[in-house]
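Below you'll find the structure, written out as structure tokens, and then a few comments.
Numbering (the numbering used here), first residue to last: 1 to 726.
Have a look at this one:
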């Protein structure tokens, strides 16, 4: 659709967007005044329009008219949100720089906005100073302080467990204890969790103070200890992220055990694989998952996965709809064993910083998920990202629809509680008006999303009529976002900024993101994360000059606080460092995403460089999907699973390229085959995955060593879609 420049828009143009004549006249008058003050095509023009003209109840087509009309000749990465100095000094980083900016940066320091990039570079070049400062700002308490913040490994030790160095050596700490502790920013009466169950949408939200919350966590920790498991045992959680699962998560860590994160959407085979890799000794789950009128079995999947002892929470009341196995325990009986210890403080098990708190999983390229341990340092990386980039402060209320099976579940726990904020948990589907009302009623101040959810909200228009004005910013992660969908999202909350956030389970947070001290552009990242150094590799496999525009595979500097240094079922060095180039004598870390640095200094994601893809925020290997699809139909010789971004950008869509045994069978019923593929993938892998298209090929492109060139297929299919659109 073509758009007019703002100084060419008439009252009739505004009325044509479905706006009443009287209102259109007033809007046109305000628009004329703004254009007179700032010109028709500046960031200041858009800032004033978004603040003083646009509102959630105006048609989205009018929002688009204003945005695209303002920036029609701007070039790449127009700012959708611009910081102002008055609010910048109220942010966590802003307050820190006002106090200590000159100490950190010397004469280079000017003010929080103009000096933010210099401070990010300082965080990389001075990790000892930076991380001590941030840990102090978050009031992190060690039972034994570290000998230093960062012990750099000697040159030449490239194959060591710590290719960059060791963080917080000698420290003893418990991050769960820190989540429950009092400090100068938090009292026992502060609300730490707000929640609502789907179906209770007309009831007030439920709240729990720190005093009540930690009593529940202590009781669960006492009950876990009473199980008599060996010290450091792995204990799985496979259930929706509700208030009970958060109690359980923190109690496991508090008691010195290791959480095994398993998503509640997984099929029995996937559950079994994760239980075996982690050697879990017990699993917390519930009998059913209730979503609207549907009851989705969960305990039966645990049983089919042949899990160890299960502690089972009933979804409705105190009774189960099925009989438990002989060695399994009901939640009521589990807590009943230690009811005499209710409100008795549990003495936290303080551990060396390299000890595990959590085992999470990320899909590898071989079909078996990579088992990634989080250490006792990783929670502080998650919380520090929230402190620095999403500006989480005492009194904030954080909602992010996720699950403890994915890294954003534990991230949400630590990002909220270590920063004195409240978690807001909706136990139900985030796709409908019930969740929208919960965001309104809980007065959420930071709402995290994945692009697939935003697309569903926009298409269903289920957010209309709800007041999201309490939101200070959005966070977005998991997959590539789309400009129009995120313009729509900003408009729901009167154009509050969206902080894009990209990282990985093995990072414990992000390596590239945004900041409330920088202008934010839609579907783009404005900065490396604090403490992170980024490199774009050129065609020769070596880094292009830093801060120069270019596109290629992204590599990371090896000095990253909280990042993994071990895999349970693979060689960590081979996966992340082997074959990577060096920079200043240090081998760089592999990540696998293709990124572009634009001419305006922003970064944009272009999908995976390896054989994994991102479906609805879940990373999955092509091999896993292909193994299932190859067995669906006897006429199928082989398949290739490819994640293809839709024309115009946005989350990847799953396309299956098929080679038939009979090359004359190219006219097979592809729609029926798509149905079969979907059924098999959803049953055996994940019910959230969906095949969008099946493409017949005479042969798959291969290398000289017979490896399928999925990257070539992805490029061909993307180009085909682009040509079709044009």
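Note that beta-carbon positions come from the ideal geometry of N, C-alpha and C, so glycine has one too.
Asked                                                                                                              : Found
Boundaries (first-last residue) of the beta strand (DSSP E) holding residue 606                                    : 603-608
N- and C-terminal bounds of the alpha helix (DSSP H) containing residue 29                                         : 21-38
Contacting residues, own chain, Cβ-Cβ under 6 Å from residue 424 (five flanking each side not counted)             : 194, 397, 399, 442 and 444
Backbone secondary structure at residue 148 - three-state DSSP                                                     : coil
Range of the contiguous alpha helix (DSSP H) that encloses residue 629                                             : 622-630
CA-to-CA distance, residue 237 to residue 284, given in whole angstroms                                            : 5 Å
Buried versus exposed call for residue 10 [16 or more other C-beta atoms within 10 Å across all chains shown]      : exposed
Beta-bridge pairing of residue 426 - partner residues as DSSP gives them                                           : 196
CB of residue 649 within 7 Å of CB of residue 452, strictly                                                        : no
Burial state of residue 347, where buried means 16 or more other Cβ atoms lie within 10 Å                          : exposed
Rounded straight-line distance, which links the Cα of residue 257 to that of residue 115                           : 42 Å
Residue 653, enclosing alpha helix (DSSP H) - first and last residue                                               : Not the alpha helix (DSSP H): residue 653 falls in the beta strand (DSSP E), residues 653-660.
At least 3 beta-carbon pairs within less than 8 Å: the region 205-221 vs the region 169-181                        : yes
Residue 514 and residue 500 closer than 7 Å at C-beta                                                              : yes
Pair within 7 Å by beta-carbon distance, residue 220 and residue 176                                               : no
DSSP-derived helix/strand/coil call for residue 705                                                                : In this predicted model, residue 705 has a pLDDT of only 47, less than 50, meaning its place in the structure is not dependable enough to derive any value.
Run of the alpha helix (DSSP H) containing residue 60, from where it starts to where it stops                      : 60-71
Residue 114, DSSP secondary structure in three states                                                              : coil
Reduced DSSP secondary structure (H/G/I, E/B, other) of residue 171                                                : coil
Cβ pair residue 123, residue 560 closer than 7 Å                                                                   : no
7 Å Cβ cutoff met for residue 196 and residue 438                                                                  : yes
C-alpha gap between residue 550 and residue 304, whole angstroms                                                   : 49 Å
Residue from 335, 692, 434 and 95 with nearest C-alpha to residue 85                                               : 95
Residue 389, buried or exposed, once every other Cβ within 10 Å from all chains shown has been counted against 16  : buried
Sub-7 Å separation of residue 659 and residue 673 beta-carbons                                                     : no
Alpha-carbon to alpha-carbon, residue 461 and residue 57                                                           : 12 Å
Span separating the alpha-carbon of residue 170 from that of residue 563                                           : 17 Å
Cβ pair count under 8 Å reaching 3, the region 616-627 against the region 464-481                                  : yes
Outcome for residue 144 when other beta-carbon atoms lying within 10 angstroms are tallied against a minimum of 16 : exposed
Interface flag, residue 203 vs chain C, CB-CB below 7 Å                                                            : No chain C is part of this structure, which consists of one protein chain only.
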